[in-house]
Amino acid sequence: MTALTFHSTNSGVVVERTAQLKQAHRAEGRRIALEQAAYLNEKFAGRTTVTVHEETFGTRDRLHWLINLPRLSGHRELAGLLDGDEGPAAGTDWPGMFVDGSFSETALIPQHWGMYGTDEALPEGTVIDAAAPDLRVPPAQRQTSMSAEQTLNSSTAGWMIHRVAQPKYAFRAEARLFARKITESINTRLPGIASSFLYEEAFGPADRVHWLIHMKSEDAYYDLIDMHMRMDEATRAIYLDEIIAPEKGGGTWNRLFVEQSMGDVSFAPLR
C-alpha cells in the first residue's frame with residue numbers, strides 16, 4: 004500500500020521553514036537539504052511530506068521548506084531531524100552552512116468557514132465544512148469547487164507565490180470572505196495553470212492571513228496578470244462589491260487590509 008503524500012491542499016497544517024544559506028555553502032547546502040528531506044519522507048512516510056524550495060526574485064540562496072502534516076503535534080517529532088540530528092545532515096557542519104538566526108517557521112492552517120468570525124459575513128445557507136478523517140480541520144482543497152485533478156498544489160506546482168496580508172480587525176470577517184472569493188475566481192478561471200488557497204497564521208499576529216498561489220511555471224504569472232487585466236463581469240463584481248456593511252462605514256475590498264501589509268515571496272522547487 005502506497006503511503007499518502009501530503010502537500011499544501013490535503014494537509015491539516017503546512018509549516019513553512021526558511022533559512023539563509025551562506026554563499027560559500029550554497030551548493031553543498033542545497034544538496035544536503037534535498038537529501039535530508041528525502042530521508043525524512045522515507046522515515047515518516049504516511050505521516051509527513053517535506054519539500055524543499057529556493058526563493059526566486061527575492062533573496063538569493065534563501066531556502067524554503069514546506070512541512071506538510073496532518074496536525075500540529077506531528078511537528079515536534081520532526082524538529083530534531085529537520086535540524087540534522089540524524090540522517091545525511093548529521094556529521095556535517097549543517098548549522099554552520101546557514102546565517103546565524105536566519106531560521107524561522109510559520110504554521111499555516113487551512114482557512115475554513117466559521118473560523119475567526121467568518122460566520123458573521125457569510126451568505127445565508129453557506130455550509131461549514133467538517134474536518135476530514137485524520138485531520139483536525141478541513142484541508143485547503145475543500146475551499147474550491149474544482150477537483151484535485153484540476154488544481155495545483157505544492158507537490159505539482161513548478162512555481163509558487165506566498166502572499167501575506169493583515170486584515171483590519173473591524174473587517175476580519177469581510178477580509179476573509181473577499182480572500183476566499185478572489186482565490187476561487189483564480190481556481191475556476193485558470194484550472195491546471197494557477198491555483199490559490201487561503202491559510203490562517205498560527206502563533207503570529209492575530210488575523211494575519213496567507214495565500215499560497217501555485218502555478219504551473221513562472222510564465223503562468225502572465226496568465227494571472229491577464230486574468231486581472233481582462234476581468235470578466237464576475238471577477239470585476241468581487242472587486243467592486245460593497246462588502247463592508249453601511250453600519251461599518253461601507254466600502255469595497257480596499258478598506259479591508261492594513262496599508263502596506265500585503266507582500267509576496269516567490270519560490271520554486273529545489274532540483
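Reading the sequence shown from the start, the letters are residues 4 to 274 in my numbering.
Each residue gets a CB set at the ideal place from its N, CA and C atoms; glycine is no exception.
As the structure is a prediction and not an experimental result, all values here were calculated from the model.
Alpha helix (DSSP H) segment containing residue i, residue limits
| i | result |
| --- | --- |
| methionine 218 | It is not in any alpha helix (DSSP H) - methionine 218 instead sits in the beta strand (DSSP E) that spans 212–218. |
| leucine 81 | 77–85 |
| serine 188 | 175–192 |
| alanine 248 | Per DSSP, alanine 248 belongs to no alpha helix (DSSP H) and is neither H nor E. |
| lysine 46 | 29–46 |
Beta-carbon proximity list for residue i, same chain, < 6 Å, skipping 5 on both sides
| i | result |
| --- | --- |
| leucine 155 | Ser198 and His217 |
| methionine 22 | Checking the displayed sequence, the identity of residue 22 turns out to be alanine instead of methionine. These residues qualify, in order along the chain: Leu66, Phe101, Ser105 and Phe106. |
| leucine 75 | Val16 |
| alanine 205 | Ala110 and Ile112 |
Start and end residues, beta strand (DSSP E) containing residue i
| i | result |
| --- | --- |
| isoleucine 112 | 107–113 |
| glycine 266 | 266–272 |
| leucine 201 | 197–205 |
| threonine 147 | Careful: threonine 147 lies outside any beta strand (DSSP E) and carries neither H nor E. |
For residue i, the residue or residues it bridges with in DSSP
| i | result |
| --- | --- |
| leucine 227 | Bridge partners of leucine 227: none, in fact. |
| arginine 20 | Trp68 and Glu108 |
| glutamate 58 | Phe270 |
| methionine 234 | Methionine 234 is not bridged to any residue. |
| proline 170 | Phe260 |
| valine 53 | Ile70 |
| histidine 165 | Leu215 and Val268 |
| phenylalanine 9 | Bridge partners of phenylalanine 9: none, in fact. |
Residues near residue i in its chain [Cβ-Cβ closer than 8 Å; skip 5 each side]
| i | result |
| --- | --- |
| proline 194 | Met149, Gln153 and Thr154 |
| leucine 243 | Thr255 |
| glycine 253 | Glu245 and Ile247 |
Close beta carbons around residue i, own chain, < 7 Å, minus the five adjacent residues each side
| i | result |
| --- | --- |
| methionine 4 | Only weak support exists for where methionine 4 lies, its pLDDT of 47 falling under 50; the value from the coordinates is given anyway. So the list is empty, once near-sequence residues are dropped. |
| alanine 173 | Lys251 |
| aspartate 226 | Leu193, Ile196 and Ala197 |
| alanine 271 | His56, Glu57, Thr59, Gly161 and Trp162 |
Is there contact here, the stretch 158–173 with the stretch 264–272, by at least three beta-carbon pairs under 8 Å?
Here the stretch 158–173 makes contact with the stretch 264–272; the two share three or more CB pairs at distances below 8 Å.
Cβ contact (3+ pairs, closer than 8 Å) linking the stretch 40–50 and the stretch 102–118
Look at the beta carbons and you see the stretch 40–50 not touching the stretch 102–118: under three pairs across the two are nearer than 8 Å.
Below 8 Å, how does it come out for the stretch 39–46 and the stretch 84–98: are there three or more Cβ pairs, yes or no?
When C-beta atoms of the stretch 39–46 are compared with those of the stretch 84–98, three or more pairs fall below 8 Å, so the two segments count as touching.
Report yes or no: do three or more beta-carbon pairs, one from the stretch 26–38 and one from the stretch 77–86, lie closer than 8 Å?
Touching, no, given that fewer than three Cβ pairs across the two stretches are closer than 8 Å.
Contact between the stretch 244–254 and the stretch 172–191: three or more CB pairs below 8 Å?
Flag = yes, the stretch 244–254 and the stretch 172–191 touch.
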